[in-house]
Amino acid sequence: MMRVPLSILQKEISGRILSLDQVQQYLPMLGFPIEHIESLSGDTLLEIEITANRSDVLSIRGIARDLAAKLGTTLGPLPGSSVTEGASALSIRLESPLCSFYAASIVDLGSSPYIPYDTTKFLELMGSSSKALASVDASNELLYRFGQPTHAFDLDTLQGSITVRLAKSGEVFVGLDGISRTLTAQDLVIADEAGPIALAGVLGGERTKVTAQTRRILVESALFDAVSVRTTAHRLNLHTEASNRFGRGVDPSQVVPIRNLLSQTIAQWTEGKVIAAWNVGLLPLVASPIHLSLSLLERMAGRPISGPDAMAHLERLGARVLMDEHALNVIPPSWRHDLTQAEDLVEEVLRLEGYDRIDSVLPSVQADPLPMPFEFTQRIQWSERLAHLGFFQTLTFGFQGPSDETASASDPSGRRLSNPLGEEYSLMRSSLLPALKKAALQNLRNGQAEVRLFEIAPVYQSYPEGPHSVLTLALIWGGRAGGEDVLTPAQTITPLHLMGLAQTLQLPTIHIVDLGEGLLGFELPLPSKPSAVAPLIPHFVPYSRHPMVQRDLSLLVSQGQTYGPIESAFKKVLPGVCKSLRCVEVYRGKGVPEGQEAWLLRFQFQADRSLTTEEVDEWMKTVVDLLPSMQITLR
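In terms of our numbering, the sequence shown opens at residue 23 and continues consecutively.
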């Protein structure tokens, strides 16, 4: 969620007076829903939902840039600065490729620190507050406005030169929050000769923090690897405004300008002076061009969009575009890390063109000429066979805890995650049965009489060279089966049920596991090569749109009479519209002659037309006329 004061948003767009109504109209059209609007401190504050891939709009200027493109206007220029770069005033070494560029400056602070009221008010609107320190408040203001995180160190507390490096395993870092954290060799740090002074892109350090007594500062503006920052922030559960932006990617073209602007702002607020400014490392190269054919654009848009129109949309977003007769070659702007393929560019053209202008037509479908991989077809075939036998496919979580380990599991050390969600999800699973059992018990405890579940997914075993995955089928059967009518009484699931299932599935051997609480299961690796088992080919059977007619007959039969001959005899004289015939009740007792029992038979008729009462009565009379020859009496 991004907080945006309307007054600051208006200042970023030049040549256009932007009203609240226009913002409410255009931001959702651009893909940024407004979740909340409120009046606060004499301004209008918007809370805007931002998607995870749009790091460029984690600033007010980023939001304004998209609005300006939609409105056909331009952004106002960045505030200028008079900082002059020169030779390095302090040794800074980049030892890790996770930091490709580091812009630094040294500012002498004057004796009259002053924080403008507008800055204090702005920080309050953004949910922060003034720290009464020029370097901190200016850094925070520029972060919210322009999206580039920066940091200031108390220069006089630094010990020797600075190195941007990976932490040493077990190295301890004390952050600005006063908490000590143990680092790993995957964490990137800013360090002086005494140790880490900042977690790169995440948090500054306690030892070099700026205070009211600070007289000289080192300003940092840098490029840190997004994956590295995300990994460290997640492992330490340390999510800051800086890590939120560095972890998604910042604009390389802003690193130096924001360093200059911050340095000059601090000098102005404190009546101080920028002593030196210099850069270390190289900024990344311009992104490779993306080829966008006009035919792809038309196919995905559902209607023609001219090359000049598409080119104009992309150029308003900051892209550089070369056009020929059939295509556009587009170099994305430095701040758009999400534009990597032609389909991304189509989405951008349609955002500015207006989704409401896309015709309501079915999109064309591109058939894949490649055959499906064997593993995929194998999953489908096994899933269809088991579903046909009344089992339900289940999808469980891919990780498990130590308590879920089976006796036959391999050494868990080779399957342990380096950054788990929790102890219960700390291992790559070695079996599907523990999670499947939990799902089965959940169903039984919620009133399900019988549970039939299966899952097809990879499990992992530890080997010296690393974990190895095996596509596995696991199945659980439990509860009480049957009980739909008196001829199929409910019975507890036993190993014989699973043995019969294995024979139906043509499995030569299975190892049945008693999982407790009435649950049985088995697990086996699926073959890595095609088998001779023919796939099931489902056929659609048209269903009747007309109601079913139901009739019951209560019969007196001799005890010991079997049901099968009676059902066969009745079905021979009944038409095909008799869809079901079941014995739903058997009664012995008062009112029934000794040596006999009462059966309640239920007939259900359905056809592709409405049946008449006369038709059904005639069919039932045929059944009744058959009873004397079978020594059966109508009750």
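All C-beta atoms in this analysis are idealised placements derived from N, C-alpha and C, irrespective of residue type, glycine included.
{"query": "Alpha helix (DSSP H) segment containing Pro-517, residue limits", "result": "517-526"}
{"query": "First through last residue of the alpha helix (DSSP H) which encompasses Asn-266", "result": "263-268"}
{"query": "From Ile-353, Ile-297, Asn-282 and Ser-275, residue whose alpha carbon lies closest to that of Ala-309", "result": "Ile-353"}
{"query": "Segments of 4+ residues assigned as alpha helix (DSSP H) that fall wholly inside the segment 336-424", "result": "364-375 and 396-410"}
{"query": "Cβ-Cβ distance between Pro-171 and Glu-34 below 8 Å", "result": "no"}
{"query": "DSSP state of His-490 mapped onto helix, strand, coil", "result": "strand"}
{"query": "Secondary structure of Tyr-166, DSSP reduced to three states", "result": "helix"}
{"query": "Candidates Ile-288, Ala-349 and Val-45: closest to Ile-137 by CA position", "result": "Ile-288"}
{"query": "Segment contact flag, the segment 533-542 with the segment 452-470, C-beta cutoff 8 Å, min 3 pairs", "result": "yes"}
{"query": "Contiguous alpha helix (DSSP H) assignments of at least 4 residues, all confined to the segment 27-105", "result": "28-34, 42-51 and 82-93"}
{"query": "Buried or exposed (CB count within 10 angstroms, at least 16 for buried), Asp-247", "result": "buried"}
{"query": "Residues bridged to Gly-226 (per DSSP)", "result": "Ala-220"}
{"query": "Any non-hydrogen atom of the ligand ATP within 7 Å of Val-251 CB", "result": "Ligands displayed in this structure: none; no statement on the ligand ATP is therefore possible."}
{"query": "Contact belief for Ala-111 with Ala-298 at Cβ below 8 Å, rounded distance in angstroms", "result": "4 Å"}
{"query": "Span separating the alpha-carbon of Glu-477 from that of Gly-227", "result": "49 Å"}
{"query": "CB of Gly-412 within 8 Å of CB of Glu-445, strictly", "result": "no"}
{"query": "Local conformation of Glu-146 per DSSP, three classes", "result": "helix"}
{"query": "Neighbourhood of Leu-659 by C-beta distance below 6 Å, restricted to the same chain and skipping five residues each side", "result": "An answer regarding residue 659 cannot be provided, because it is not within the stretch 23 to 657 covered by the chain."}
{"query": "For Arg-229 and Arg-238, the rounded distance between their alpha carbons", "result": "15 Å"}
{"query": "7 Å Cβ shell around Val-241 - same chain, five flanking residues per side excluded", "result": "Ala-126, Ser-127, Val-129, Thr-172, Ala-174, Arg-281, Leu-284 and Ser-285"}
{"query": "For Ala-629, the nearest candidate out of Asn-465, Arg-567 and Glu-619 (CA to CA)", "result": "Arg-567"}
{"query": "Start and end residues, beta strand (DSSP E) containing Gly-543", "result": "541-547"}
{"query": "C-alpha gap between Val-211 and Ser-275, whole angstroms", "result": "23 Å"}
{"query": "Supposed close pair Pro-306, Ser-77 - CB separation, criterion 8 Å", "result": "Not quite, the Cβ-Cβ distance comes to about 15 Å (not below 8 Å), so this is no contact."}
{"query": "Start-to-end residues for the beta strand (DSSP E) that takes in Leu-603", "result": "600-609"}
{"query": "Coil, strand or helix - Val-278 by DSSP", "result": "helix"}
{"query": "Euclidean distance between Cα positions of Ala-479 and Leu-350", "result": "43 Å"}
{"query": "Alpha-carbon to alpha-carbon, Gly-132 and Ile-184", "result": "25 Å"}
{"query": "Cut-off 8 Å between Cβ atoms - residues of its own chain near Val-638, not counting five sequence neighbours on either side", "result": "Val-571, Arg-573 and Phe-627"}
{"query": "Among Phe-421, Glu-427, Asp-426 and Thr-428, nearest to Ser-440 - alpha-carbon criterion", "result": "Phe-421"}
{"query": "Inter-stretch contact (C-beta, 8 Å, three-pair minimum) for the segment 315-329 and the segment 133-153", "result": "no"}
{"query": "Cα-Cα separation between Gly-18 and Thr-655, rounded to whole angstroms", "result": "The displayed coordinates of the chain run from 23 to 657. Any statement about residue 18 would go beyond what the structure contains."}
{"query": "Where the alpha helix (DSSP H) through His-256 begins and ends", "result": "248-257"}
{"query": "Three-way DSSP call (helix, strand, coil) for Asn-465 in this model", "result": "helix"}
{"query": "Closest residue to Asp-366 among Pro-311, Val-383, His-348 and Asp-378 (Cα-Cα distance)", "result": "Pro-311"}
{"query": "Residue burial classification, Asp-43 (beta-carbon count within 10 angstroms, cutoff 16)", "result": "exposed"}
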